[in-house]
Amino acid sequence: MRPFSARLAALATAVLALAGLAGCAQGENTDGSVGAQDSGGVKVRLDYAYYNPESLVIKEQGWLEQELGPGSVEWVLSQGSNKANENLRAKAIDIGSTAGTPALLARANGSPIRTIDIYSRPEWSAIVVTKDSPITSPEQLRGKKIAATQGTDPYFFLLQTLAVAGLTRDDVEIINLQHSDGKLALERGDVDAWAGLDPFMAQTELEAGSRLIYRNLDFNSYGLLNANEDFLQSKPDIAAAVVRAYERARQWIKDNPEGAVTTLANAASIKPEIARQQLLTRTQIDIDPVPGEPQREVLNRLLPLLVADGLVRSEQEARTALETLFEPRFAQEAKGAGGA
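Numbering (mature numbering (1 follows the signal peptide of the UniProt record, and there is no 0)) for the sequence shown: -27 to -1, 1 to 313.
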């Protein structure tokens, strides 16, 4: 029989070996990296947003958790592109959904994000007034109070609309309110107009009779899925899994439009007819998911506006940001995998 000290050492070695196996079972490989198929531990912090229908479907269906393991996804609500950008900058999320213009603005001002997928081409913004308002055109906005969420597509929609009407931001009073608060301010009469965002815009249309006095699809930039660069470098396999899930959700929505309406209505606590207005009449999801020339064309047109409004330090910095914003390889690899 071995001495007691030898038996004790052998027992300690066995315990340590079991502990190491347990650690691997919880999501670490032997080299300390996280395997995509392992369970245990958050592998990606991902946003969901009522303006991003694919995110709601992915969250509800649980596809990423099924692939990456239970508890692998931490879901964070984005109430607007500005909040998604704030969370990306603070690294509260790894991947977040914004409109195109806020993504460009964030990168131009130092946020290290790259666009890895295009999730929609929406008409999610317009200029909204109450049903009894005398305002019928953008030219009548001079001297008026207008609610808008700075740093979001509706805000940039407003700036473009003012330019079309021969006005500048100095000709109106812009009240910075989050989207839902802007809707309430309009309905209460605290502001004269609102640069709206769906689903809140569809909600005030259908429930309060509010009117859209100016619409322009070309003034709405695309829906972009953005990731922090260090996350793409350290966990490219997880980023690829997220983009594959987006393609799967895109196909699911195309195959189940009424199911997608129900998903949006339940998530946003809105009536199905409001969700239907947003999703089926004002959101195009049957688009090329690979970020590229269509989005670059829209954003390039906006560069002078961003410079004139003092939102970027220089046009050259903004152009450099646009040239380096897109990372198409993840969407290229996932393209056509929607039926997975």
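For each residue, glycine too, the CB sits at the ideal point set by N, CA and C.
Short of 7 Å from the beta carbon of Leu150, and not among the five residues preceding or following it, lie these beta carbons of its own chain, in chain order: Ala120, Thr122, Ala158. Secondary structure in the stretch 75 to 108: the beta strand (DSSP E) runs of 3 residues or longer, each lying completely within the stretch, are 86 to 95, 98 to 102 in chain order. The DSSP-derived three-state label of Arg18 is strand.
When the beta-carbon positions are compared, Asp20 and Asn201 stay at least 7 Å from each other. Leaving aside the five residues that flank Val263 on each side, the residues in its chain whose CB is nearer than 6 Å to its CB run, in chain order, Pro301, Ala304, Gln305. Ranked by Cα distance from Ala99, the first of Asp126, Ala81, Thr236 is Asp126. Pairing Ala168 with Leu114 gives a Cβ-Cβ distance that is not under 7 Å. Setting aside the 5 residues that flank it on each side, Ile108 is surrounded in the same chain by Val102, Leu114, Lys117, Asp165, Ala166, Ile186, each with a C-beta closer than 8 Å to its C-beta; the list follows chain order. The stretch 29 to 38 and the stretch 213 to 233 touch, with no fewer than 3 CB-CB distances between them shorter than 8 Å.
Residue Arg62 holds the alpha-carbon nearest to the alpha-carbon of Pro85 among Lys104, Arg62, Ser70. In the three-state reduction of the DSSP assignment, Tyr219 falls in the helix class, which pools H, G and I. Between the alpha carbons of Ser93 and Gln257 lies a distance of about 6 Å. Under a 10 Å Cβ-count criterion, Gly182 is classified as exposed, with fewer than 16 other Cβ atoms of the shown protein chains found around its own Cβ. In the three-state DSSP reduction, Ser110 falls in the coil class, being neither helix nor strand. Contact check for Glu246 and Leu179: beta-carbon distance about 6 Å, within the 8 Å limit, so the pair qualifies. In the structure shown, the three-state DSSP call for Arg184 is strand. Val137 has no beta-bridge partner at all, per DSSP. Exposure of Arg286 is indicated by the presence of fewer than 16 other C-beta atoms within 10 angstroms of its C-beta. C-alpha of Ala238 to C-alpha of Glu47: approximately 22 Å in a straight line. A buried status is given to Lys56, since no fewer than 16 other beta-carbon atoms sit within 10 Å of its beta-carbon. When DSSP states are grouped into helix, strand and coil, Gln257 belongs to the strand group. When Cβ pairs closer than 8 Å are counted between the two stretches, the stretch 134 to 144 is seen not to touch the stretch 69 to 81, the count staying below three. Annotation: the continuous alpha helix (DSSP H) that includes Lys32 extends over 26 to 34. The alpha-carbon separation between Leu252 and Pro26 amounts to approximately 8 Å. DSSP, read as helix, strand or coil, puts Ser242 in coil. Sequence-distant Cβ neighbours of Glu146 in its own chain, meaning closer than 6 Å and more than five residues away, are Lys118. Using a 10 angstroms sphere on the CB of Lys227, the tally of other CB atoms stays under 16, which defines it as exposed. Glu220 counts as buried, since no fewer than 16 other beta carbons sit within 10 angstroms of its beta carbon. The Cβ-Cβ distance between Ile260 and Gln176 does not fall below 7 Å. Distance check between Ser106 and each of Glu160, Asn58, Arg249, Arg18 places Glu160 closest, using alpha-carbon atoms only. With a beta-carbon spacing of about 6 Å, Ala65 and Val49 fall inside the 8 Å limit used to define contacts. Within the model, the alpha-carbon separation for Gln268 versus Tyr195 is close to 7 Å.
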